[in-house]
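Throughout, the numbering used here is defined as the position within the sequence shown, counted from one, plus 576.
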Amino acid sequence: SIISKDQFKQLATTFLTLDISKQNQQQLYTETIFHDLSTASYTMNYKASQPSSLVKSMDILLDEQTKLAKRVFIVSERQSADSSIMERHSWTTNKQFQITRTVETAKGRINETTTVYWIRK
577 SIISKDQFKQ
587 LATTFLTLDI
597 SKQNQQQLYT
607 ETIFHDLSTA
617 SYTMNYKASQ
627 PSSLVKSMDI
637 LLDEQTKLAK
647 RVFIVSERQS
657 ADSSIMERHS
667 WTTNKQFQIT
677 RTVETAKGRI
687 NETTTVYWIR
697 K
């Protein structure tokens, strides 16, 4: 179904809340960079060094020619009352983003996926 700009902004904002580039966040992550020939990208990987960090990992694929971001993958996990919530965020530049949420409680597991595609005009 078609969503409004406000709905798009609300969903897309979740990516910004997971920003680990802030000065006080950088020391909490280990950075690895490698040239991935299979995707024609430079991959920047960030892994949390603290188990309590909200963002567990982040991968940013940069186009090897333009050095612009092609894809971003973020894995986050948090506890909320009686549940464990894991989210996988994926952003493909100029195409789509997807948020997959897994909520685990004593009663079981619930999976929910939201995918937003857009058409460039």
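Cβ coordinates follow ideal geometry from the N, Cα and C atoms, glycine included. This structure is a prediction, so every number in the text was calculated from the model and none was measured.
Query                                                                                                                      : Result
One or two residues paired with Q674 in a DSSP bridge                                                                      : S666, T691
Beta-carbon contacts of T668 that lie in its chain and below 6 Å, excluding the five residues immediately before and after : R647
Coil, strand or helix - T606 by DSSP                                                                                       : strand
Start and end residues, beta strand (DSSP E) containing D639                                                               : 631-639
Local Cβ density within 10 Å of F610, reported as buried at 16 or more and exposed below that                              : exposed
DSSP-derived helix/strand/coil call for T681                                                                               : strand
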